[in-house]
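Participant:
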Amino acid sequence: MGWDYESSSSSSCSESSTDMAYGDSSVYSENEEMEGVDEEVEEDLDWYYAVVVGRCRGIFTSWKDALKHTRKYSRATFKKFPTFEEAREFLNQYGLQVDHEYQHFDGSRLWFAYAMNNGQGDFPDPLHPSSIVAFCGGSALRNGDPDCDAAYACVFPHDRAWDVVRSVEGPWPTSYRAEYMAALAALERANVEDRDETKVLFIYSDCKLLIESMSKWIYRWRNNGWRTVDGRAIQNQDLLEKLMAAQGNRRVQWRKVRANSGKRYWDSFWNDIARLEARRPTRGNLDD
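The sequence shown begins at 27 in the numbering used here and counts up one residue at a time.
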């Protein structure tokens, strides 16, 4: 049974792994060129920057994105190409594949990369299509009031047909109950798709309480009779017990998503989608 916590700032973008053979990074490194650019100059989005080693791997049409992911990064390895096909082939040479296209409001595009052979095992790549990954979000209008309107969303980037978007039922709905219920939906779906509990489940959220409750405190709370060290009753005990039961023997990686990163990272992109989905029911926009 594993309750792992990782900050997604170090792993959510399929960061470079030391067990991959990249060769001499100096052959493809263009740091000198990138360091000399003026970030205020209007971009030419007709180039494709393929990042093999950096904070985030993939193909970017924005050199500002490529610069953000490679500047001052040890052994940063990247190269620019005139076509997407050439950039993708370059990544393929290093055992990397890209997922579907993402587009920013400024017109720039990007394709995040994952390791082709790293969808299984003890340390799977969450960007690999075979990984089970959920982004959880909760929302609440008039949070804390008896007439609070709360909802949650559990978004699965590798299979959107699994998505769950629901209102929080019952007395005294809150934003925290919404966050816990989103995580419960993720665990329940994982148990349907992987009944033998052999796969790692990645749960991402920007809710610190959810991540730390499940990765740091839950066993301590249970062993202490669901009370804090100063004797106060733990809130939402019913949901925490359901989360423990749904977890079973599955290994779960609880990953905190950094806030306000502008959708420039894979985790922040999908976290924003989960947050927006969670707001739909509270605004009366949920389709039956």
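Every residue, glycine too, gets a C-beta built ideally from N, C-alpha and C.
If we call anything under 9 angstroms between Cβ atoms a contact, is Gln123 one with Ala139?
Facilitator: Position 97 of the sequence shown holds residue 123. Position 113 of the sequence shown holds residue 139. Contact: yes.
Participant: Residues in its own chain within less than 6 angstroms of Ile299 by CB, not counting five upstream and five downstream?
Facilitator: For the purposes of this step, residue 299 is taken as residue 273 along the sequence shown, with counting starting at 1. Same-chain partners within the cutoff: Val181.
Participant: Looking at Pro155: is its Cβ nearer than 9 angstroms to the Cβ of Ala176?
Facilitator: Stepping through the sequence shown from its first residue, residue 155 is reached at position 129. Stepping through the sequence shown from its first residue, residue 176 is reached at position 150. No, Cβ-Cβ distance for Pro155 and Ala176 is not below 9 angstroms.
Participant: Using the Cβ count rule (16 or more neighbours within 10 Å means buried), how would you classify Val63?
Facilitator: As a working mapping, residue 63 is identified with position 37 in the sequence shown. Residue placement at Val63 is poorly supported in this model, since its pLDDT is 49, which falls under 50; the coordinates still yield a value, given next. Val63 should be labelled exposed.
Participant: Under the rule that 16 or more other beta-carbon atoms within 10 Å means buried, what is Arg301, buried or exposed?
Facilitator: Taking the first residue of the sequence shown as position 1, residue 301 is located at position 275. Residue environment analysis places Arg301 among the buried positions, since at least 16 neighbouring C-beta atoms fall within 10 angstroms of its C-beta.
Participant: Would you identify the three-state DSSP class for Ala187, choosing helix, strand or coil?
Facilitator: The residue you call residue 187 lines up with position 161 of the sequence shown. Looking at Ala187 - three-state DSSP - the assignment turns out to be helix.
Participant: How big is the Cα-Cα spacing for Glu205 and Pro197?
Facilitator: The residue given as residue 205 occupies position 179 in the sequence shown. The residue given as residue 197 occupies position 171 in the sequence shown. Going from the Cα of Glu205 to the Cα of Pro197 covers about 16 angstroms.
Participant: Can we say the stretch 255 to 266 touches the stretch 120 to 134, given the rule of at least three CB pairs closer than 8 angstroms?
Facilitator: no
Participant: Phe110 by DSSP, collapsed to three states: which one?
Facilitator: Position 84 of the sequence shown holds residue 110. Under the three-state reduction of DSSP, Phe110 is assigned to helix.
Participant: Give me the residue from Leu266, Pro152 and Gly84 with the minimum Cα distance to Glu111.
Facilitator: Within the sequence shown, numbered from 1, the residue matching residue 111 stands at position 85. For the residues Leu266, Pro152 and Gly84, the minimum Cα distance to Glu111 belongs to Gly84.
Participant: Buried or exposed, going by whether 16 or more other CB atoms sit within 10 Å of the CB of Ser241?
Facilitator: Walking along the sequence shown from the start, residue 241 turns up at place 215. With 16 or more other Cβ atoms within 10 Å, it is buried.
Participant: Bridge partners of Gln123, per DSSP?
Facilitator: As a working mapping, residue 123 is identified with position 97 in the sequence shown. Partner(s): Tyr140.
Participant: Which residue or residues does DSSP assign as beta-bridge partners of Asp175?
Facilitator: Along the sequence shown, read from residue 1 onward, the residue named residue 175 stands at position 149. Answer is Leu167, bridged to Asp175.
Participant: Which residue's Cα is closest to the Cα of Pro183: Ser88, Pro172, Met270 and Leu153?
Facilitator: Stepping through the sequence shown from its first residue, residue 183 is reached at position 157. For Pro183, the nearest C-alpha among the options comes from Leu153.
Participant: Using the beta-carbon count (16 or more within 10 Å), is Phe295 buried or exposed?
Facilitator: Translated into the one-based positions of the sequence shown, residue 295 becomes position 269. With 16 or more Cβ atoms within 10 Å of its Cβ, Phe295 is classed as buried.
Participant: With DSSP collapsed to three states, give me the class of Gln261.
Facilitator: The sequence position of residue 261 within the sequence shown is 235, counting from 1. Coil.
Participant: Please classify Phe131 as buried or exposed, where buried requires at least 16 neighbouring CB atoms within 10 angstroms.
Facilitator: If you number the sequence shown from 1, residue 131 lands on position 105. So Phe131 ends up on the exposed side.
Participant: Hey, out of Ala216, Lys90, Met142 and Ile244, whose CA is closest to Arg277's CA?
Facilitator: As a position in the sequence shown, residue 277 is number 251, starting the count at 1. Checking every option, the nearest Cα to that of Arg277 belongs to Ala216.
Participant: Across which residues does DSSP place Gln129 in a beta bridge pair?
Facilitator: Here residue 129 corresponds to residue number 103 of the sequence shown, with the count starting at 1. Its beta-bridge partners are Arg135.
Participant: Compare the C-alpha of Ser231 against each of Gly251, Asn118, Lys98 and Ala304 and name the closest.
Facilitator: The count along the sequence shown starts at 1 and reaches residue 231 at position 205. Considering only alpha carbons, the answer is Ala304.
Participant: Pick helix, strand or coil for Leu302, following the three-state DSSP scheme.
Facilitator: Reading the sequence shown from its first residue, position 276 is the one you call residue 302. Helix.
Participant: Can you tell me whether DSSP reads Leu227 as helix, strand or coil?
Facilitator: Taking the first residue of the sequence shown as position 1, residue 227 is located at position 201. Note: Leu227 maps to strand in three-state DSSP.
Participant: What are the boundary residues of the alpha helix (DSSP H) that includes Arg281?
Facilitator: Residue mapping note: residue 281 aligns to position 255 of the sequence shown, counting from 1. Run containing Arg281: none in the alpha helix (DSSP H); it sits in the beta strand (DSSP E), Arg277 to Lys282.
Participant: Taking the straight line between their C-alpha atoms, what separation do you get for Lys90 and Arg284?
Facilitator: Along the sequence shown, one-based indexing puts residue 90 at 64. Along the sequence shown, one-based indexing puts residue 284 at 258. Those two C-alpha atoms are separated by around 19 angstroms.
Participant: Could you tell me which of Lys282, Leu117 and Tyr291 sits nearest to Lys234, measuring between CA atoms?
Facilitator: Position 208 of the sequence shown, counted from the first residue, corresponds to residue 234. Considering only alpha carbons, the answer is Lys282.
Participant: Alpha carbon to alpha carbon, what distance is there between Arg290 and Arg97?
Facilitator: Counting from one through the sequence shown, the residue named residue 97 turns up at place 71. Counting from one through the sequence shown, the residue named residue 290 turns up at place 264. Distance between the alpha carbons of Arg97 and Arg290 is about 15 angstroms.
Participant: Using DSSP with H/G/I as helix, E/B as strand and the rest coil, what is Val67?
Facilitator: Taking the first residue of the sequence shown as 1, we reach residue 67 at position 41. Caution applies to Val67, whose pLDDT of 49 falls short of 50 and renders its modelled position unreliable; the value that the coordinates give is listed next. Of the three classes helix, strand and coil, the one that applies to Val67 here is coil, per DSSP.
Participant: When you compare only the Cα positions, how much space is there between Met142 and Trp280?
Facilitator: Taking the first residue of the sequence shown as position 1, residue 142 is located at position 116. Taking the first residue of the sequence shown as position 1, residue 280 is located at position 254. Rounded to whole angstroms, the separation of the alpha carbons of Trp280 and Met142 is 23 angstroms.
Participant: So what does DSSP say about Val218, is it helix, strand or coil?
Facilitator: Locating residue 218 in the sequence shown gives position 192, counting from the first residue. Helix.
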